[in-house]
Amino acid sequence: MTPDAAAALADRLTAAADSLADTAQAANYRAKATELRREYQITESTAATSTPDTASTKARTNFHEGKPRMTVKTAGPRVARRSRATAKTMHAAMNPKIKPAFAGSDPIGTEVSGFIIRIEEEQEKDWVTKKPAFDRRTGAPMMVPVLILQTDGTTRRVGPGLRKLWMRSGIRDAILEAILDVGAREPAVDAFLRISFSSVGAPANVNFRPPKYYTATYTPPETCGTTAEPIATQSSTTGEGE
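Okay, here's the thing in structure tokens:
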């Protein structure tokens, strides 16, 4: 490119930048014009250095003549398009998360009670890594029964009163003894369960957490109502070791 051609191109770039005001594209045009003048040692012309109000409108007109003027779109809020619910979205809606019946920070005396409205199972987690646990001999997933309680006094299958109770360690032993005390063999849907965190024992060694002791009562479905809290029939106490 000859110096004259470079000067003409630099002037057109500057005029185009003036027409676009303070935009990203205008800054890009000015940077290119400055680079050309520096490379070819060109002195900026009066038309190029004038303000947008006094610069030659001819240069701007020629630069954009026959071409659509470039505009810069600013990013606005993205609006999700309407579409059919995906399987993932529908699964999340039909399977809302359920809070655990007990939390690690619960004080002694915390009690949870309600009707058993569902009995499920989940894969157990390793106590150390918190990853899914597998049987060391067979490699099969290690599963744990999960009782879903409705704690609002009814047997509704949905609602904020649902709580999860994992049948493991001391919680499992307390529930098992309470069930055996009333002559049953396993927990049943529509039975009423009450379980409370009663005390903490001494750890087996320094690497173990202190065992938690629970008191459980179980009322079979055939001897309790379905719309009000029944009277507890039996109770038992056991410890949870980890």
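Position 170 of the sequence shown, counted from 1, bears residue number 169 in numbering that gives the first Met the number 0, the numbering being contiguous throughout. Glycine included, each C-beta is placed from N, C-alpha and C at the ideal position.
(1) Have a look at F133 and T22 and give me their C-alpha separation to the nearest angstrom.
(2) By how many angstroms is the C-alpha of R208 removed from the C-alpha of M93?
(3) On a CA-only basis, which of A190, A4, A84 is nearest T150? Give me that one, please.
(4) What is the rounded straight-line gap between the Cα of T53 and the Cα of P2?
(5) Three-state secondary structure (DSSP) at P202?
(6) Helix, strand or coil for T216, going by three-state DSSP, please let me know.
(7) Helix, strand or coil: how does DSSP classify S18 here?
(8) Going by DSSP in three states, R193 sits in which element: helix, strand or coil?
(9) Which term fits I178, buried or exposed, when burial requires 16 or more other beta carbons within 10 angstroms of its beta carbon?
(10) Count the CB pairs spanning the stretch 113-130 and the stretch 196-207 that are closer than 8 Å, and state whether there are at least three.
(11) Is the separation between the beta-carbon of L148 and that of M166 shorter than 9 Å?
(12) For the putative contact between K163 and P99, defined by C-beta atoms under 8 Å, what is the C-beta separation to the nearest angstrom?
(13) Within 10 Å of its beta-carbon, does G113 have 16 or more other beta-carbons around it, so buried, or fewer, so exposed?
(14) So what's P2 in DSSP terms, helix, strand or just coil?
(15) Please state the DSSP three-state secondary structure of R208.
(16) In angstroms with no decimal places, state the Cα-to-Cα distance between A6 and S82.
(17) Compare the C-alpha of T216 against each of C223, L192, P140, S168 and name the closest.
According to the data block:
(1) Your numbering for residue 133 matches position 134 in the sequence shown. Your numbering for residue 22 matches position 23 in the sequence shown. For F133 and T22, the distance between alpha carbons rounds to 59 Å.
(2) Here residue 93 is taken as the residue at index 94 of the sequence shown, counted from 1. Here residue 208 is taken as the residue at index 209 of the sequence shown, counted from 1. Straight-line Cα distance between these residues: approximately 36 Å.
(3) By 1-based counting over the sequence shown, the position of residue 150 is 151. Nearest of A190, A4, A84 to T150, Cα basis: A190.
(4) For the purposes of this step, residue 53 is taken as residue 54 along the sequence shown, with counting starting at 1. For the purposes of this step, residue 2 is taken as residue 3 along the sequence shown, with counting starting at 1. Residue confidence for T53 is low, a pLDDT of 45 falling below 50, so the modelled location carries little weight; the figure read from the coordinates is stated next. Rounded to the nearest angstrom, the two C-alpha atoms are 25 Å apart.
(5) By 1-based counting over the sequence shown, the position of residue 202 is 203. Here P202 sits in coil by DSSP.
(6) Here residue 216 refers to the residue found at position 217 when the sequence shown is read from its first residue. Strand, per DSSP.
(7) Locating residue 18 in the sequence shown gives position 19, where the first residue counts as 1. Three-state DSSP puts S18 in a helix.
(8) The residue labelled residue 193 in the question sits at position 194 within the sequence shown. Strand at R193.
(9) Position 179 of the sequence shown, counting from 1, holds the residue named residue 178. Burial call: buried.
(10) no
(11) Here residue 148 is taken as the residue at index 149 of the sequence shown, counted from 1. Here residue 166 is taken as the residue at index 167 of the sequence shown, counted from 1. Cβ distance not < 9 Å, so L148 and M166 don't count as in contact.
(12) Here residue 163 corresponds to residue number 164 of the sequence shown, with the count starting at 1. Here residue 99 corresponds to residue number 100 of the sequence shown, with the count starting at 1. With a Cβ gap of about 5 Å, K163 and P99 count as contacting.
(13) Residue numbering aside, residue 113 sits at position 114 when the sequence shown is read from its first letter. Burial call: buried.
(14) In the sequence shown, residue 2 corresponds to position 3, counting from 1. Helix at P2.
(15) Walking along the sequence shown from the start, residue 208 turns up at place 209. Coil at R208, not helix or strand.
(16) As a working note, residue 6 is residue 7 in the sequence shown. As a working note, residue 82 is residue 83 in the sequence shown. So the two alpha carbons sit approximately 54 Å from each other.
(17) Locating residue 216 in the sequence shown gives position 217, where the first residue counts as 1. The option with the nearest alpha carbon to T216 is L192.
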